[in-house]
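Student: Residues in the sequence shown are numbered from 224 upward in steps of one, following our numbering. Beta carbons: idealized from backbone N, C-alpha and C, even for Gly.
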Amino acid sequence: MSAHAETKELMTPKKAATWVVAIIISLAAIASFGNAGIVFALLIGLMLTGMPISISLGLTVLTFLFFMSNVPVETVAMKLFTGIEKFEIMAIPFFILAGNFLTHGGVAKRMINFATSMVGHWHGGLGLAGVMACALFAAVSGSSPATVVAIGSILLPAMVKAGFPRNFGAGVIATSGSLGILIPPSIVMVIYAVATNSSVGALFMAGVIPGLMLAALLGSVAWYRARKFNYPRLPKATTKERLIAFKESIWGLLLIVIVLGGIYSGLFTPTEAAAMSAVYAFFVAVFVYKDMSIKGIPKVLRDSANMSSMLLYIITNAVLFSYLMTSEQIPQIMADWIIGHNLGVIAFLAVTNILLLLAGNVMEPSSIILILAPILFPVAMKLGIDPIHFGILMTVNMEVGMCHPPVGLNLYVASGITKMGISELTMAVLPWLIAMVGFMLLITYVPIISLWLPRMLGY
224 MSAHAETKEL
234 MTPKKAATWV
244 VAIIISLAAI
254 ASFGNAGIVF
264 ALLIGLMLTG
274 MPISISLGLT
284 VLTFLFFMSN
294 VPVETVAMKL
304 FTGIEKFEIM
314 AIPFFILAGN
324 FLTHGGVAKR
334 MINFATSMVG
344 HWHGGLGLAG
354 VMACALFAAV
364 SGSSPATVVA
374 IGSILLPAMV
384 KAGFPRNFGA
394 GVIATSGSLG
404 ILIPPSIVMV
414 IYAVATNSSV
424 GALFMAGVIP
434 GLMLAALLGS
444 VAWYRARKFN
454 YPRLPKATTK
464 ERLIAFKESI
474 WGLLLIVIVL
484 GGIYSGLFTP
494 TEAAAMSAVY
504 AFFVAVFVYK
514 DMSIKGIPKV
524 LRDSANMSSM
534 LLYIITNAVL
544 FSYLMTSEQI
554 PQIMADWIIG
564 HNLGVIAFLA
574 VTNILLLLAG
584 NVMEPSSIIL
594 ILAPILFPVA
604 MKLGIDPIHF
614 GILMTVNMEV
624 GMCHPPVGLN
634 LYVASGITKM
644 GISELTMAVL
654 PWLIAMVGFM
664 LLITYVPIIS
674 LWLPRMLGY
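#1: Enumerate in chain order the residues of its own chain whose CB-to-CB distance from S225 is below 7 angstroms, with the five nearest sequence positions on each side excluded.
#2: Tell me which residues share the same chain as A582 and place their Cβ nearer than 7 angstroms to its Cβ, disregarding the 5 neighbours each side in the sequence.
#3: Would you call the CB atoms of G394 and A651 closer than 8 angstroms?
#4: Sorted by chain position, which residues of the same chain lie with C-beta nearer than 7 angstroms to A498's C-beta, five sequence neighbours on each side aside?
#5: Start and end of the alpha helix (DSSP H) containing W675?
#6: Using the three-state DSSP reduction, which class does E560 fall into: helix, strand or coil?
#7: Return the chain-ordered list of same chain residues with a C-beta closer than 6 angstroms to the C-beta of F662, the five sequence neighbours on each side being excluded.
#8: Buried or exposed for S366, going by 16 or more other Cβ atoms inside 10 Å?
#9: In the structure shown, what three-state DSSP assignment does L606 receive?
#10: How big is the Cα-Cα spacing for A416 and V623?
#11: Locate the alpha helix (DSSP H) running through R333, then write down its first and last residues.
#12: Taking the alpha carbon of T492 as the point to measure from, which residue in A501, V413, R450, S531 has its own alpha carbon closest?
#13: Where does P597 land, buried or exposed, given buried means 16+ other C-beta within 10 angstroms?
#14: Check for me: the alpha helix (DSSP H) holding G375 runs from which residue to which?
#15: I'd like the span of the alpha helix (DSSP H) that includes T462, first residue to last.
#16: According to DSSP, is Y668 helix, strand or coil?
#17: Specify whether the region 633 to 641 and the region 386 to 400 touch according to this definition: at least 3 beta carbon pairs, one from each stretch, less than 8 angstroms apart.
#18: Quick check: the Cα distance between R448 and G347, rounded to an integer number of angstroms?
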């Protein structure tokens, strides 16, 4: 039988009808679990049509609220607008704007050149440089999508030109960009601190060692795959070349000092630091390096607005979906199940990881923290789990969630840069994603990794 005949056989109406019936039966089975089942059946059904996740989330909420609840329409409209009114969310467009100025103004390029001069001669040198550059950028952005944009838009084309497969570059950048919420400053940690009344300073200190460890792990995966598949290596840079690269990148590296110094000294909040970084990046790109003319500013503003609107639209619908889950007491039902089964520490942490990973399928990190932290935190305290360790555990889970479909923001941003589909990107990030899950288990069951530095500093 020919390939054409085989394809035709696979697409017969009888088989197509069988698949439709199977899907309908599956969705009906899910819906049999009460309101929670109906919500998830609606969501899965809409996503199976190929509809974007943000629209699927919004339509799920609207369908359920209009036809299966007595919530006033005014409440839905209010939530659509108040979902992005959080002060912390304002940091996203500022950091994206800063990232675009750094990218278009040549600052990010110089930071990448510095990283490349240090590790470019190793196996997969450009990939390792990407991990290093993302770690440096994470220390000033606090935003994973902004990190992916700033580093990926320059490094990915360079990697493809140098002979690296596009999948390799996309996997490196999409996963390394997640360092933005683990290496301090981190908006996700601030939200956790507010939700649980924990110490922001202790959380920031607790994120330093795990952040550096994860960067090393992601770099190791890139190195191993580059060595295994014999990807290109760059000539080793001389000491003089490294000094020149450092000198040229100093203005970009100073942004780390300004942002972190301003936050730790109390001069401004992380959101204000985002605005400062945007102003500083504009000044350096236009007046110091002069790689950008005044005429280029409108394009940067337009690009930043497009990217910000995409992310804020996803966040708005995710917040609306979170409201639906809260109004139907779905998280409370989950928490009652955990408490009712008298789980020990090991089992509770395992269930927490599974719950957070499942939540990461349909919600963005801020919503997950705001909904689940107040529910899971008291249970963790009853079991004697350290609150700072629990915060880092949740943050690492959020990192994993940003790199897997369907809501993974890093995948959407990387898709815009690489022009790759979400399914293709999911396969590209898989080796790094598996390593991140292993790292998550390490952080979960070895709390001293998170607690050593804050305890040494007296927190």
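Tutor: So, to answer that:
#1: Note that S225 scores a pLDDT of 40, beneath 50, so its modelled location is shaky; the value from the coordinates is reported in the next line. Excluding sequence neighbours, S225 sits near nothing in its chain.
#2: I591, L595
#3: yes
#4: F317
#5: 671 to 679
#6: In the sequence on display, residue 560 carries Trp and not Glu. The answer is helix: DSSP assigns W560 an H, G or I state.
#7: L437, L440
#8: buried
#9: coil
#10: 20 angstroms
#11: 330 to 342
#12: V413
#13: exposed
#14: 367 to 385
#15: 462 to 487
#16: helix
#17: yes
#18: 8 angstroms
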